[in-house]
Each structure stands twice: as C-alpha cells, then as structure tokens.
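Worksheet: the structure to be examined is printed underneath.
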Amino acid sequence: MNALALYGRYIVTSLRAQAQYPTATLMLTAGHCAATSIEILCVFALFHRFGSVGGWSFGEAALFYALVNIMFSLADLLSRGFEVFGTDFVRTGAFDRVLLRPRAAALQLAGYEVRLSRLGRLIQASVVLFFATNLVPITWDAQAVAIALWAVAGGIALFMGIMVLQATLAFWTVDSLEIMNVLSYGGVQAAQYPLNIYAAWFRRVLTFGLPLACVAYYPVLAILRRPDPLGAPDWLLPLAPIAGFAFLALSFLAWRAGMARYASTGS
Amino acid sequence: MTTQAVRPYLAAFRARFLLVLQYRAAALAGFATQLWWGAIRILVFAAFYGVNAAAAPIGLTDVVTYVWLGQALLALQPWLADPEVGQAVRSGGVGYDRLRPLDAYGYWYVRTVGWMLARALPRAVLMVLAAAIVLPLVGLGDWAWRPPSGVTAALLFIPAFILMTMLAAAVLMLANIIVAASLNERGVNAVLAPLVIVFSGSLLPLDFYPDAWRPFLHVQPLAGLVDIPFRIYFADLTGNAALRGLALQAGWTVVLIALGRFAMERMMRRLEMQGG
Amino acid sequence: MPQILVEALAKTYRVAERAPGLTGAMRGLVRRRWREVHALADVSFSLEAGELLAFIGPNGAGKSTTVKILSGILRPSSGRVEVDGLVPYEDRVRHVARIGVVFGQRSQLWWDLPVIDGFDLLADIYRVDPERYRRRRDELVAMLRLEPLLDQPVRQLSLGQRMRAEFAAALLHDPAILFLDEPTIGLDAPSKLAVRDFVRRLNREQGVTVLLTTHDMHDVEALAERVIVIGQGRLLTDGPFESLRASVLAERRLHIDFAGTAPELGIPGVTVRARTERSLELAFDPAKIPTPKLIADITARHAVDDIHVDEPAIEEVIARFYDLHDAGEA
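Residue numbers (this note's numbering), protein chains in the order written: chain S, 12 to 278; chain G, 5 to 280; chain D, 6 to 335.
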C-alpha cells in the first residue's frame with residue numbers, strides 16, 4: 012500500500028475511533044468552535060468602535076480572518092502527531108515503535124489522531140467567510156476561488172511546517188515546548204488582521220521570517236482586487252503562497268537532522 | 005493563620021519552583037510565549053489607536069498596562085475545570101459524612117486559591133522583570149507595564165486583587181462541582197473558557213465592546229475577574245466607582261461561594277443516599 | 006555466513022551532570038557539565054539463522070542498547086553490525102521490514118482498535134501480500150489462541166492477552182528474525198508458560214531466529230541453550246548455559262530431615278548452609294564428593310526421615326556470576 016493510501020487508511024482509522032464516542036466528539040467540536048469564535052468577536056468589537064484600520068472595512072478584514080483560520084484549522088487537523096511528538100512519542104519511548112515500522116516516521120505522525128473537533132474552528136471560519144462575502148461584497152469567480160484554494164494550500168503547508176519544527180525541537184528538549192505555539196497560534200493571532208496595520212519591522216518578520224504574509228495577506232489582496240498598500244507588485248500577490256511550501260521543505264530538513272540526532276542519542 | 009497552616013503551601017511553592025527550574029527550557033519557553041502573546045495584542049491595539057485614538061474608552065498606555073497585567077496574572081483566571089478536584093470531591097463525599105459540607109468546600113476552596121497563586125507568582129515576577137523593568141530600560145517605555153496610577157489606585161488595588169482571586173476560586177469551584185456532579189468535564193470546559201475570556205475582560209477591556217452592551221457587561225459576575233481590578237489599578241475606576249466595583253466583586257464572590265456550597269451539599273447528599 | 010554479526014560494538018552517551026538542591030539547579034541553568042557513559046564497549050558475537058540466544062545482565066548492563074542497535078533505532082559509536090546483509094541503522098526501512106520486535110509490557114497495537122483491525126492495519130503498513138497475510142494471520146491466531154479476542158479493543162485485554170496479541174502482531178509480516186525485550190515481564194505464570202512455549206515452537210518448528218533479553222531466569226532455562234551475559238557494557242560470557250552454571254557454581258544442595266535433632270556432621274568439603282532443629286541444608290562439590298557417597302555416609306551414621314537433592318537456583322548462579330565479574334548494577 013503506497014504512502015498516500017496508507018495516509019488515508021490512518022485518517023479513516025482515527026475517525027472511526029472518534030465515531031465510537033459521538034456525543035463527546037460533538038461537544039468537543041462545539042466547544043472548539045465557541046473557543047475560536049471569540050476571536051472574531053474581538054475583531055468585530057474593535058472595528059465597531061474604531062471604524063476601520065489600515066484602510067480596511069470590517070468585511071474585508073473578516074476575509075483575512077476567515078482564510079487564516081481555515082488554513083490553520085486544516086493544518087491543525089492533520090498534524091496532531093507532530094504537536095504532541097515530545098510528550099507522546101519521545102518521552103514515552105513510543106517513537107522507537109514508529110522507527111520499527113518500514114515507513115517514513117513523518118507519514119506515521121501525520122496520520123496520528125486526526126481530531127474531528129478541530130473542525131470547530133473551520134466551522135466558525137466558514138460562517139465568517141459567508142458574512143464577509145455578503146458584507147464587502149466579494150465576487151467568487153473562478154480566479155478568486157483558485158487563488159483562495161492555492162492560498163489555503165500554501166497556508167496548510169506553512170502551518171504544518173511550524174508543527175514539524177515544533178516536533179523537531181522535541182528531539183533536543185524532550186517535551187513539546189509551549190514556545191512553538193507562538194508561531195502557530197500566535198501566527199494565527201497576528202495574521203487574522205490585515206498585515207499592513209502592523210509596524211514595518213513586524214511585517215518584515217511575517218514576510219521573510221515566518222512567511223504568513225505570503226499565504227494570508229498577498230493572496231487575499233489578489234482576491235479583493237486591491238493593490239498592496241505597501242507597494243508589492245501585483246504579479247507577486249497570487250504567486251506568494253509558494254513560500255508556504257518552501258517553509259515546509261525547510262522544516263523537513265530540520266526534521267531529518269533531528270532524526271539523525273535521535274539515532275545517536277536514543278531516548 | 006499559623007505558620008503550620010502556611011507550611012504546606014510554602015513547600016508546594018518551593019517544589020513548584022524547583023520543578024520549574026529543572027525544566028528550564030520549558031519554563032523559559034512558556035514565559036516567552038506569554039510575552040509574545042502580550043506583544044501581538046498590543047501591536048493590534050496600537051494599529052487601531054493609530055487610526056482613531058479618540059474612539060477608545062481608555063488611553064493607549066493604560067491598555068498596554070492592562071494587557072501586561074492580564075498576562076502576568078493569567079494563572080488566576082478560572083479557565084479550566086480541574087477534573088481531579090471533582091473526582092476527589094466525589095470520592096471523598098462519603099468520607100465526609102461526619103463533617104459538614106462546609107469543610108469539604110472550604111478545604112477545596114483554599115486549595116484552589118493556593119494553587120492559583122502558586123502558579124501565578126513565578127510568571128508575575130518574570131513579567132514584572134520583562135515588561136515593567138526591561139522594556140523601559142531598552143527605550144520601549146511607552147510599551148511598558150506601568151505601576152499603579154497613584155497611591156489611591158495602588159491601595160484600592162490590594163482589595164481588588166484579593167477579591168479577584170477569591171472570585172476566580174469561587175467560579176472554578178462551581179465549575180468543578182458541576183463537573184463532579186454531571187461527570188461531563190468536556191461540556192463544562194467547552195463553555196467555561198470562552199465565557200470567562202470574553203466576560204471577564206481578558207479578551208478586550210469590557211468598554212471596548214459595543215456601548216449597548218455596557219450595562220450588562222459591567223454588572224455580570226465575571227467582570228470582577230479582570231476588568232474591574234485592572235481599571236482600578238490605572239485609576240479608570242476611581243472614588244465611588246471604584247468602591248462600587250469592589251462591592252460588585254465581593255457580592256458576586258459571596259453569591260458564587262454560596263451557590264457552590266449549596267451545590268456541593270446537594271451533590272454529596274445525593275452521593276450518600278446512593279451509597280457513595 | 007552468520008545472519009547477525011556484531012563486531013567490536015561500542016556505544017557512548019554524554020549525560021548532563023546535575024548538582025542537587027536549589028543552588029545546584031540554578032547553577033545548572035548557567036553552565037552544564039557532561040560526563041561520558043559507556044553503555045557498550047567492545048561487544049562481539051554472531052548468530053546463525055535459526056538460533057535462539059538469551060541475552061542476560063543486570064539492569065543498565067546494555068541489553069536494551071544492543072537490541073536497539075540491532076533493530077536500527079540507535080546508531081553505535083563505533084563497531085560493525087550486520088543483520089541479514091544490511092546495516093540496521095543505515096538501511097532502516099528495508100531492515101525493519103525483515104524483523105519483528107516485541108517489547109515487554111508495551112503494545113504496538115492501537116489502543117482503541119479491535120485486535121483484528123490492528124492486524125489489518127499492520128499488514129498494510131508492512132505491505133504484506135493479502136493472501137500471505139491471511140494465511141499467516143490465521144496460523145498465528147490458532148497458535149496463540151486469539152480467536153475470542155479478535156473483536157475486542159486492545160484496551161480491554163488483560164496483560165497476558167495483550168502480549169499474545171503482541172506476538173502475533175510482530176510476526177504478521179513473516180520476519181526471519183525476532184527480537185524480544187523482556188517479553189514475560191509482568192505476566193502471570195500461565196501466560197509466561199504460553200509465551201515460552203510459543204517462542205520455542207517458533208524457533209524449533211519454523212526456524213525463526215530469536216534474540217531474547219530477559220531478567221527471568223526461567224525464560225533462560227526453558228528456552229536458551231546459548232547465553233550471553235553482559236555486564237556494564239561488556240560481554241562477559243558467550244556459550245551454553247550449562248557451562249556457565251558449571252564454571253560458576255558447580256554445587257549440589259542436599260536437604261536432609263533428621264529423625265532426631267540435626268547433628269554436627271563435621272564432613273570436610275561440606276558446608277552447612279542452613280540449620281533448623283531437625284534439618285540441614287548442605288552444599289558440596291559433586292566432583293569432589295560424589296552425591297551417592299555423601300548420602301550413604303550420612304544415612305549410615307544418622308537416622309534420616311527425608312532427603313532431597315537439587316542445584317542452586319538459576320538466580321543464584323547468575324548473581325554469583327555477576328559478583329565474580331564485578332558486573333553489578335551500574
């Protein structure tokens with residue numbers, strides 16, 4: 012069974028395990044939806060009070076918010092194995108068993124525990140997307156949809172890259188570190204607002220360091236057919252999500268280094 | 005309070021501190037995360053203030069202090085019901101048949117307060133160092149955590165802080181008891197954290213929400229967890245308004261403690277009747 | 006050509022030193038000191054296909070480290086390892102497809118999944134041909150009597166049941182080599198017997214090469230002809246267990262219940278190990294004093310109710326061996 016088919020198998024297995032507890036899964040999903048919804052409440056309250064920011068209306072900002080949350084929720088759904096790698100695999104020695112299977116370790120971790128409850132964030136983001144479409148309004152023609160899908164793909168790659176880095180750290184520190192949440196959850200927090208509102212130094216971090224701008228800001232500009240207030244060329248806007256994939260590739264390089272270290276120091 | 009009563013808490017605190025030092029990477033990482041969190045929220049506020057500062061109900065420097073205070077005292081927020089407390093209460097319910105329910109509630113209440121304070125203290129100290137001392141030193145004084153605005157504010161903050169802790173413990177106790185009674189930890193936690201984060205003022209100072217919501221927001225019980233004490237700190241609530249705020253905190257604390265005791269007594273009665 | 010070849014295997018770790026107490030912990034924040042731990046030093050041995058080898062040694066001796074290196078999880082500091090023509094840690098994916106590993110008390114099966122579903126998933130992971138998988142699975146289920154357990158989630162099984170399922174899981178892909186790391190630990194007596202019986206059949210009837218690490222000397226007694234003892238990272242002995250016993254503790258024990266009070270025997274070369282009012286436990290070297298002669302001597306001079314002869318327990322032999330080689334727990 013090839014890698015992709017096995018990945019599908021892992022996902023189905025995980026979902027079936029959760030289907031054994033339907034009420035609990037439903038409640039967790041609802042809870043996650045409620046917990047993540049408070050962020051849009053915050054965005055709304057601020058826009059309601061201050062009027063606008065960075066030249067954006069609430070509806071437009073909501074589009075930024077919705078897309079970032081969609082891409083993060085999907086990445087979150089698929090990367091639990093990396094998120095808990097330190098505590099559930101390295102600390103317990105369970106990673107040894109992963110290594111004893113004739114498959115790439117990353118594949119096994121990606122297929123570990125696909126938590127349906129994370130769709131709670133996706134649900135509220137979709138609702139926000141619906142409202143944003145009506146508020147602005149946004150025309151979802153083929154081009155806009157294509158850019159959105161491409162951006163979400165790049166965003167999923169970016170956030171998965173962050174999770175892979177988080178797992179890689181565990182090779183050195185054993186426990187999963189909170190600090191990587193700064194990049195993943197902190198990244199969502201920062202990117203749910205249009206990035207041009209931030210000071211220059213922060214924007215540069217979010218473009219070249221952690222390329223959130225490339226998956227969450229430039230493509231959205233292209234969808235809204237607005238030129239970048241900061242002067243990035245128009246042709247760049249739809250192409251930017253590729254940075255997410257580049258980031259993921261780099262993360263895997265670090266991951267390989269981490270695996271090599273594990274092989275020489277054990278658990 | 006005798007030294008004997010305090011000793012377990014001191015010991016727990018010391019053990020906690022040692023544990024924290026042991027996992028130095030994790031400890032520093034957790035703190036760095038909070039710093040970052042505070043920074044992002046401040047950057048967002050700064051962006052909005054830059055556009056239309058007049059629309060804001062509180063000045064930017066005060067909002068900055070609000071954010072840092074919130075991060076420092078995060079451990080005092082009743083976000084998650086602790087299933088272990090619920091379990092222990094349930095299993096200990098039968099054993100307490102000789103004691104009045106007050107003792108069980110009182111015991112767990114004090115433990116909760118101690119636990120919250122023990123977790124809050126190290127982070128608060130680090131946050132003071134970073135946000136109140138280091139930031140001004142590197143020239144970012146505008147973004148620093150300011151000391152209380154004046155002697156009155158500082159003095160009023162003391163009871164506000166105490167009440168804030170007591171209120172938080174009362175909320176958490178109630179949540180734990182509901183969890184213990186219904187065995188539904190997930191349901192309670194799903195609802196508790198978002199409710200607390202929004203209505204305490206953790207997410208946004210309550211005055212930032214639409215004006216129409218103000219009357220309700222200012223009197224609901226959770227306001228005393230963050231919004232009221234912090235606004236007393238930087239003198240946004242002064243004089244009679246401050247005293248009203250303290251009264252609100254105290255009043256809700258009493259109500260929630262009473263509710264908690266009542267719920268616990270009923271639950272334990274029910275356990276006794278079932279045979280525990 | 007040996008199936009498993011280990012030559013001059015060495016593994017050294019660097020471990021951070023931590024001073025105790027609050028000040029030590031604070032100092033540890035600023036500067037760390039390292040010391041070297043030699044988990045393995047100059048270990049060499051080889052295994053032919055179909056052999057069964059028991060690996061014993063005190064805690065921390067390096068048994069698990071050896072198994073981890075042989076399975077490809079750990080990279081040695083120096084030395085040469087070859088399993089079935091592959092270097093384990095360099096060819097991980099190809100190598101692990103050919104071996105099975107069972108860790109005592111730990112299950113690789115998915116906690117919430119029924120046993121059979123776990124087996125099916127493993128078949129996909131190991132890319133086993135469906136026809137071969139079905140045959141092998143049915144064979145193992147029959148051998149290990151797993152039929153009634155197949156539909157139950159693993160979390161509902163007892164430890165003994167879980168370990169039986171674990172053995173099946175490790176063999177579904179038909180590996181030629183099986184590594185067992187403390188497989189009987191924590192099991193009740195019937196389960197231990199079942200496991201030993203299964204391993205013996207696997208090795209004798211199906212020719213699976215087995216390398217077993219254990220603390221339980223009865224595992225050794227039941228299964229292994231060849232034994233390697235590891236102490237503090239060094240290989241202390243490699244050979245049949247009987248030679249080990251003979252070289253360390255060539256002793257017989259004589260337990261005598263006397264009709265009257267236990268006498269002072271005063272026989273040279275015979276040590277009195279224990280004495281109660283009416284019985285004695287004696288130790289002697291059968292090479293120097295033949296057993297029948299000693300029994301005849303004693304019964305001729307004293308009234309005896311009962312006698313029985315045995316050898317020192319394996320644990321005693323091993324403990325004495327560790328002592329002799331100063332191999333105690335690191």
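The C-beta atom is built at its ideal place from N, Cα and C for all residues, glycine as well.
Under a criterion of Cβ atoms nearer than 8 Å, the residues of chain S adjacent to K73 of chain D are, in order, D107, G277. Here the region 76–92 of chain G makes contact with the region 112–131 of chain G; the two share three or more CB pairs at distances below 8 Å.
G105 of chain D is positioned such that its CB atom lies closer than 8 Å to that of L176 of chain D.
The closest CA to that of Y123 of chain S, considering only S:I149, S:A116, S:G92, is found on S:G92.
Close to chain S, meaning a Cβ-Cβ distance shorter than 8 Å, are the following residues of the region 189–222 of chain G: R190, G191, N193, A194, V195, A197, P198, I201, V202, L207, L208, F212, Y213, P214. Taking a cut-off of 8 Å for Cβ pairs, the region 162–180 of chain D and the region 193–201 of chain D touch, as three or more such pairs fall below it. For G166 of chain S, there is no enclosing beta strand (DSSP E); the residue is part of the alpha helix (DSSP H) that begins and ends at 153–184. A direct Cα-to-Cα measurement between I261 of chain G and L39 of chain S gives close to 28 Å. Nearest to A56 of chain S by C-alpha distance, out of G:S186, G:G42, G:A60, G:G54, is G:A60.
The three-state reading of DSSP puts K293 of chain D in coil, since its state is none of H, G, I, E or B. Nearest to R248 of chain G by alpha-carbon distance, out of G:D86, G:H222, G:V259, is G:H222. When the five nearest sequence neighbours on each side are left out, the beta carbons in the same chain lying within less than 8 Å of the beta carbon of A292 of chain D are those of A255, in order along the chain.
In this model, L241 of chain D and I61 of chain D are separated by some 10 Å (Cα to Cα). The beta carbon of L118 of chain D sits closer than 8 Å to some beta carbon of chain S.
Around the beta carbon of S204 of chain G, a 10 Å sphere encloses 16 or more other beta carbons of the protein chains shown; the residue is thus reported as buried. Between A41 of chain S and the set S:G66, S:A86, S:R126, the nearest pair of CA atoms involves S:R126. When only Cα atoms are considered, L210 of chain G and A105 of chain S end up about 46 Å apart. Nearest to A181 of chain D by C-alpha distance, out of D:L259, D:V213, D:D262, is D:V213. Taking a C-beta cut-off of 7 Å against chain G, the contacting residues of the region 189–200 of chain S are E189, I190, N192, V193, G197, Q200, listed in chain order.
Scanning D:G236, D:P81, D:S284, D:Q113 for the CA closest to the CA of F326 of chain D turns up D:G236. Taking a beta-carbon distance threshold of 8 Å, F52 of chain G counts as an interface residue toward chain S.
Checking the DSSP bridge columns, you'll see T150 of chain S has no partner listed. Around the beta carbon of M6 of chain D, fewer than 16 other beta carbons lie within 10 angstroms, which makes this residue exposed. Annotation: A174 of chain G to Y113 of chain G spans about 7 Å, alpha carbon to alpha carbon. Taking the Cα of V275 of chain D as reference, the smallest distance to any Cα among D:F263, D:K298, D:T281 is reached at D:K298.
Straight-line measurement puts the Cα of T296 of chain D at about 29 Å from the Cα of D243 of chain D. At least one CB of chain S lies nearer than 8 Å to the CB of I44 of chain G.
When Cβ-Cβ separations below 8 Å define contact, L118 of chain S makes no contact with chain G.
For G123 of chain D, there is no enclosing beta strand (DSSP E); the enclosing alpha helix (DSSP H) covers residues 120–130. In terms of Cβ geometry, L206 of chain S and R215 of chain S do not form a close pair [threshold 8 Å]. Here W147 of chain G carries a helix assignment [DSSP, helix/strand/coil]. Restricted to the region 158–228 of chain D, the beta strand (DSSP E) segments that are unbroken, complete and at least 3 residues in length are 182–186, 214–218, listed in chain order.
Within chain S, no residue has its beta carbon less than 7 Å from that of A108 of chain G; the closest one is some 28 Å off. The way I'd put it, the region 251–266 of chain G does touch the region 222–242 of chain G; three or more beta-carbon pairs between them come closer than 8 Å. For S63 of chain S, at least one C-beta of chain G is nearer than 8 Å to its own C-beta.
Separation of P219 of chain G and A227 of chain G (C-alpha to C-alpha, rounded to the nearest whole angstrom) is 12 Å.
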